[in-house]
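Working notes, structure below.
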Amino acid sequence: MFKVEFGALQQAAGDIKAGANNIDSKLQQMDQSLAPLRSDWTGSASEAYTQAKAQWTSAIQDMKQLLADIGTAVDASHQDYSEGEKHNTNLW
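Position 82, counted from 1, in the sequence shown is what the numbering used here calls 87; the numbers after and before it change by one each time, with no gaps.
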């Protein structure tokens, strides 16, 4: 037997989605912090940064999509369990 905490599922879905949004905020802050330095980077330093940024941006977008998918799945589980609970209650 197991017990489902509906509020915890709902909270988890929200937390996961908020975490994905927080990633964007942190990246924007980092870009703003690096902007003054980037203007001085030329040649191989500039190219290395551009390549590294493209790689981590791609990886982060993949991670955000995964988090969004997990959040959606957790939210769907919450809805499914809630509907099951209502159905079982109506049987009485």
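Every residue gets a Cβ at the ideal spot worked out from N, C-alpha and C, and that includes glycine.
Buried versus exposed, by CB contacts within 10 Å (16 or more), residue i
{"i": "L42", "result": "exposed"}
{"i": "H92", "result": "exposed"}
{"i": "L71", "result": "exposed"}
{"i": "L14", "result": "buried"}
{"i": "G76", "result": "buried"}
Range covered by the alpha helix (DSSP H) that runs through residue i
{"i": "T62", "result": "G48 to N95"}
{"i": "S30", "result": "F11 to R43"}
Residue from the options with nearest C-alpha to residue i
{"i": "D20", "options": "D80, G89 and E90", "result": "D80"}
{"i": "A17", "options": "S82, W97, N95 and T94", "result": "S82"}
{"i": "G24", "options": "Q60, A57, A73 and T94", "result": "A73"}
{"i": "D67", "options": "F11, Q56, D29 and G12", "result": "D29"}
{"i": "E10", "options": "W97, T94 and Q84", "result": "Q84"}
Whole-angstrom C-beta distance between residue j and residue i, which should lie under 8 angstroms
{"i": "I65", "j": "L32", "result": "7 angstroms"}
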